[in-house]
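Peer 1:
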Amino acid sequence: MSAITVTERAAKRINEVLKSEPPGSMLRISVNGGGCSGFQYAFDIAHDRNEDDVVVERDGATVVVDSISLQYIDGSVVDFVDDLIGQSFKINNPHATSSCGCGTSFSL
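Okay, so the sequence shown: first residue is 1 according to full-length UniProt numbering, each after it adds one.
(1) Per DSSP, what kind of secondary structure is Glu57 in: helix, strand or coil?
(2) Would you check if there are 3 or more beta carbon pairs closer than 8 Å linking the segment 49 to 63 to the segment 85 to 96?
(3) Measure the alpha-carbon distance for Glu8 versus Gln71 and round it to whole angstroms.
(4) Can you give the Cα-Cα distance for Asn50 and Leu84, rounded to whole angstroms?
(5) With 16 other CB atoms within 10 Å as the buried threshold, where does Met1 fall?
(6) Measure from the C-beta of Gly38 to each C-beta in chain C and report whether the shortest distance is under 8 Å.
(7) Please determine, among Asp44, Ser76, Ile45, the residue with the shortest C-alpha to C-alpha distance to Thr5.
(8) Grab me the residues of Ile68's own chain with a C-beta within less than 6 Å of its C-beta, minus the 5 sequence neighbours each way, in chain order.
(9) Taking only the alpha-carbon atoms, compute the straight-line gap between Arg28 and Ala11 and give it to the nearest angstrom.
And the structure:
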């Protein structure tokens, strides 16, 4: 598995978000059923790692993804965008055949 890549912008934003959290906090990315395209991304703050987590670190930011979610986003790039609709983490997923306009859900 090639896991995921975190961009410099995303790492910077993750570090900003986690400043107010206890030391050792991480961003957890998971994939859940639902959303307007079949699957949706979930972003949560995690304080613990699970045995099956894949851990990606960049510039002091730590991202964890469980092994089941990783099947759906393996090879993806996690970025942070600031555009007209607002600021958000964006996942560029090579497996997604389509995604919704807001970019938080996708289909395979």
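Just so it is clear, CB atoms sit at the ideal spot from N, CA and C, and this is done for glycine as well.
Peer 2: Here's the rundown:
(1) Walking along the sequence shown from the start, residue 57 turns up at place 57. Glu57: strand per DSSP, three-state reduction.
(2) No, the segment 49 to 63 does not touch the segment 85 to 96.
(3) What you label residue 8 is simply residue 8 of the sequence shown in a count that begins at 1. What you label residue 71 is simply residue 71 of the sequence shown in a count that begins at 1. Approximately 23 Å between the Cα atoms of the pair.
(4) Counting from one through the sequence shown, the residue named residue 50 turns up at place 50. Counting from one through the sequence shown, the residue named residue 84 turns up at place 84. Cα to Cα, Asn50 sits roughly 36 Å from Leu84.
(5) Within the sequence shown, residue 1 is the residue found at index 1, counting from 1. Its pLDDT being 43, under 50, Met1 is placed unreliably in this model, and the coordinates cannot settle the point.
(6) Among the protein chains of the structure shown there is no chain C, as only one such chain exists.
(7) Looking up residue 5 in the sequence shown gives position 5. That would be Ser76, whose Cα lies nearest to the Cα of Thr5.
(8) Here residue 68 refers to the residue found at position 68 of the sequence shown. Here the set comprises nothing.
(9) Walking along the sequence shown from the start, residue 28 turns up at place 28. Walking along the sequence shown from the start, residue 11 turns up at place 11. Rounded to whole angstroms, Arg28 to Ala11 spans 13 Å at the Cα level.
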